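Report on the following structure.
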Amino acid sequence: MDEIEVDPHTKEEARRVFAGPCDFVKGVVSLEQLPDPDMPEVAFIGRSNVGKSSLINAVVGRKALARTSNTPGRTQELNFFNLGEGLAYIVDLPGYGFAKVSKSKVRDWTKLMKNYLRGRVNLRCVFVLIDARHGLKPSDIEMMEMLDEAGVNYRIIFTKSDKQKPTILKDIKGKTEKTLKNHAAAFPFTHSTSAVEGYGIEDFRTSIYQIVSV
Ligand SMILES: Nc1nc2c(ncn2[C@@H]2O[C@H](COP(=O)(O)OP(=O)(O)O)[C@@H](O)[C@H]2O)c(=O)[nH]1
Ligand SMILES: [Mg+2]
């Protein structure tokens, strides 16, 4: 991540792992279908259109791995990927903040997410994706509060940083990090990425590798 020094060996290991296999395991719509928690897990979440699928694809170096989660009607699925043949699960969680979703769908989503977050013993970290053009929205704050309550560690990752002026992004980053001080389970620093330009991707991979390999 931006502020953290990493030794070259760890970077190299991370590079090696992410150059290897990352296979789709399954998409689940209810908690009974979750794969056994037999390896560490990290999950990605964010508002719809934040760039979640693009970032997951950039991180694992595949063009269309996370496309399944883009299919309309399958938005309630949790999609599991097996990184490094047994090193970790990467989970693409159903997004939030859809404009045209019914109240009952929102209720279903909230129930599923709360139960997943509270019950998933192998979940090491959730990456909450935030569009670098917009910063934190009320629905992001709600998500962060849900994570605080569940006691799940999370980190804020900015997406689409190529679409924001560096000076403004710096400002948004500062403001966001100030907000994070009031959130018990949040990592105190943010990290900026661009799936299109590749900015911040390698450091992000290294962070994920560190989180799942300790
Ligand atoms: N400029 C730019 N566009 C991006 C980036 N990441 C995603 N996008 C675009 O944002 C839109 C939504 O991306 P997608 O990954 O499908 O978002 P999701 O709904 O969160 O999975 C698409 O048109 C992407 O091409 C990025 O880093 N930079
Ligand atoms: Mg998507």
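This note's numbering numbers the first residue of the sequence shown as 1 and each following residue consecutively.
Note that the Cβ used here is the ideal one computed from N, Cα and C, for glycine as well.
Note that the structure is predicted; figures quoted are calculated from it, not measured.
Candidates the options: which alpha carbon is nearest residue i's?
i, options, result
"Met113", "Asp131, Glu142, Glu85 and Pro138", "Glu142"
"Pro215", "Pro8, Glu5, Asp162 and Glu85", "The structure shown has nothing for residue 215, since the chain only spans 1 to 214."
"Val60", "Val25, Asn49 and Pro21", "Pro21"
"Val196", "Lys181, Thr159, Asp203 and Lys175", "Thr159"
"Pro37", "Arg120, Asp131 and Val25", "Arg120"
"Val214", "Ser48, Arg62 and Ala88", "Ala88"
"Val126", "Lys137, Ala132, Glu177 and Leu93", "Leu93"
"Tyr199", "Phe187, Pro8 and Gln164", "Gln164"
"Arg62", "Val42, Asp7, Lys105 and Asp23", "Asp23"
"Asn115", "Ile130, Leu31, Asp7 and Ser161", "Leu31"
"Ala43", "Phe204, Ser102 and Ile90", "Ile90"
"Val25", "Gly97, Asn82 and Ser102", "Asn82"
"Ile124", "Thr167, Phe187, Asp7 and Asp108", "It should be noted that the sequence gives Arg, not Ile, for residue 124. Closest by alpha carbon: Phe187."
Beta-carbon within less than 8 Å of residue i's beta-carbon, same chain only, minus the 5 sequence neighbours each way: which residues are those?
i, result
"Val128", "Ile45, Gly46, Asp140, Met143, Met144, Leu147, Tyr154, Arg155, Ile156 and Ile157"
"Gly135", "Ile172, Lys175 and Thr176"
"Gln33", "Lys26"
"Gly51", "Leu129, Asp131, Thr159, Lys160 and Ala195"
"Ala19", "Gly61"
"Thr10", "Thr206, Tyr209 and Gln210"
"Pro8", "none"
Using a Cβ-Cβ cutoff of less than 6 Å, which residues in the same chain neighbour residue i once the five nearest sequence positions on both sides are dropped?
i, result
"Ala150", "Leu117 and Arg118"
"His183", "Met144 and Asp148"
"Val6", "Thr206"
"Asn122", "Pro37, Pro40 and Glu41"
"Asp162", "Ser194, Val196 and Glu197"
Going by beta-carbon coordinates alone, are residue i and residue j separated by less than 7 Å?
i, j, result
"Ala185", "Val152", "yes"
"Val28", "Gln76", "no"
"Thr190", "Glu202", "no"
"Ala132", "Leu180", "no"
Leaving out the 5 sequence neighbours to the left and right, which residues in its chain are closer than 7 Å to residue i when beta-carbon positions are compared?
i, result
"Ser69", "For Ser69, the pLDDT reaches just 46, beneath the cut-off of 50, and the residue's location in the model is therefore unreliable, leaving the point undetermined."
"Ser48", "Gly95, Gly97 and Phe98"
"Trp109", "Gln76, Pro94 and Tyr96"
Around ligand 1, Cβ to any heavy atom closer than 6 Å, ordered along the chain: Gly46, Ser48, Asn49, Val50, Gly51, Lys52, Ser53, Ser54, Asn70, Gly95, Thr159, Lys160, Asp162, Lys163, Ser194, Ala195 and Val196
The stretch 190–207 / the stretch 47–57 touching (three or more Cβ pairs under 8 Å): yes
Is it true that the stretch 205–214 meets the stretch 13–30, where meeting means three or more beta-carbon pairs spaced less than 8 Å apart? Yes, the stretch 205–214 touches the stretch 13–30.
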